[in-house]
Amino acid sequence: MLDGAIEKPVSVIGPLGEELKKDDLPPPETSRWVVRRKAQVVAAVNGGLLTMREACERYGLTLEELASWQRAIDREGMPGLRATRVQHYRQLHERESRRA
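Take 0 as the starting number for the sequence shown in numbering that gives the first Met the number 0 and just add one per residue.
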């Protein structure tokens with residue numbers, strides 16, 4: 000390994016506890032983002048398989064969008080990634096943060 004180079008893992012633990020390799024990730028042309036695919040990308044970033052920049056470039060995501068997926072998983076787990084629940088969880092957390 001070269002000085003200053005960071006070695007990336009070959010695989011990470013996926014959102015359902017499975018081994019996740021780059022070949023297992025959603026294809027770059029993915030346009031329909033179901034919960035499982037979002038969770039796989041977040042697991043890949045969190046585990047070091049992809050950097051945030053690589054994930055954003057590969058999937059055409061904004062940094063804010065990817066960060067929102069990470070926050071949703073941190074707060075609510077995979078159900079937080081459902082498009083129909085995003086508004087609900089956002090309002091819930093805004094109310095909780097006002098109380099604190």
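Beta carbons: idealized from backbone N, C-alpha and C, even for Gly.
- Closest in C-alpha terms to residue 77, from the list 41, 24, 59, 57, comes 41.
- For residue 30, there is no enclosing beta strand (DSSP E), as DSSP marks it with neither H nor E.
- If you ignore the 5 residues before and after residue 54, its C-beta comes within less than 8 Å of the C-beta of 40, 43, 44, 60, 65, all in its own chain and listed in chain order.
- Counting only the Cα atoms, residue 75 lies some 22 Å from residue 25.
- In this chain, residue 12 is not harboured by any alpha helix (DSSP H); it is covered by the beta strand (DSSP E) spanning 10-12.
- Bridge partners of residue 6 according to DSSP: none are assigned.
- The alpha carbon of residue 69 has as its nearest neighbour, out of 10, 8, 14, the alpha carbon of 14.
- Around the Cβ of residue 11, a 10 Å sphere holds 16 or more other Cβ atoms; the residue is buried.
- Within the same chain, and ignoring the five residues on either side of residue 37 in sequence, the residues whose Cβ sits closer than 6 Å to its Cβ are 68, 80.
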